[in-house]
Structures are given as structure tokens and as C-alpha cells.
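Number 99 in the numbering used here belongs to position 98 of the sequence shown; there are no gaps in the numbering.
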Amino acid sequence: MKNLVLTLSVFAVVTACNAPEPEVLTLPTTVAVNDSVVANASKELFISGMTCVMGCKGAIEKKLNATNGISDFHIVFEDSTATVRFDSTLITVDKIIAEVADVAGGGFYTATLLDI
Numbered sequence: 002m003k004n005l006v007l008t009l010s011v012f013a014v015v016t017a018c019n020a021p022e023p024e025v026l027t028l029p030t031t032v033a034v035n036d037s038v039v040a041n042a043s044k045e046l047f048i049s050g051m052t053c054v055m056g057c058k059g060a061i062e063k064k065l066n067a068t069n070g071i072s073d074f075h076i077v078f079e080d081s082t083a084t085v086r087f088d089s090t091l092i093t094v095d096k097i098i099a100e101v102a103d104v105a106g107g108g109f110y111t112a113t114l115l116d117i
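As C-alpha cells, then:
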């Protein structure tokens, strides 16, 4: 009986070790960037409604930097201003302002064009 248990145990270990390894699928972790956008315009905006650097500023920048036609959107939280570089053939200032107002489902932030 001991021999049978020992034989079965050895058989189980040997067959388990010979099992094929599962296939590993590697997914890309890079984020698409607006590389094809050629910025031909730049504007300054005043952003109201921001209460925190991490959540508010980050959410607005993330959404606007992913918007087609915008090559760079950067907020200076301390004075609530944003600089946006964009391709005016792909997006208008009014559309950029609407995109800011639409962040997080809308109703939190407003953008106003600054005359500089």
C-alpha cells in the first residue's frame, strides 16, 4: 500500500512538472499622444472651479491633452491660468472652452479666454 501511494505521488509530481507553461500576453502600456498635431495657435485661459491640484488640475489637463487638435494644455494652479497650444484647423477656442466645462461630467469648471 505504501508503494502504491509513493508511486502515485511520484507520478503526480512528475506529470505536474511537465505541464506546458501558459502563454503570457503582453499589452502595450503607452498612451497615445497627439504627435500629429501641429500647434499653430496659443491662448491663455482663466479656469474657475478648481479646488485641488491633484484632482481638479490633473483631470482637466488629462482630458484636454487627450483632445484631438490640442498639442499641449498646461495649468498653473496658483493663478488658475492655463496655456493651450493647438491646431486651429482642427479645434477652435470655443470648443476648447466647452471641453473644459465638460470635464468630470460637466458643471464643475469654466474657462474664460484671457486677453493678453
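Every residue gets a Cβ at the ideal spot worked out from N, C-alpha and C, and that includes glycine.
Proximity to Ile71 across Glu62, Phe78, Val77 peaks at Glu62, based on C-alpha coordinates. The Cβ atoms of Val39 and Asp88 lie closer than 7 angstroms to each other. Per DSSP, the continuous alpha helix (DSSP H) segment holding Lys96 begins and ends at 94 to 102.
Taking a C-beta distance under 7 angstroms as the contact criterion, Ala83 and Ile98 do not qualify as a contact pair. For Ala42, the beta-bridge partners assigned by DSSP are Phe87.
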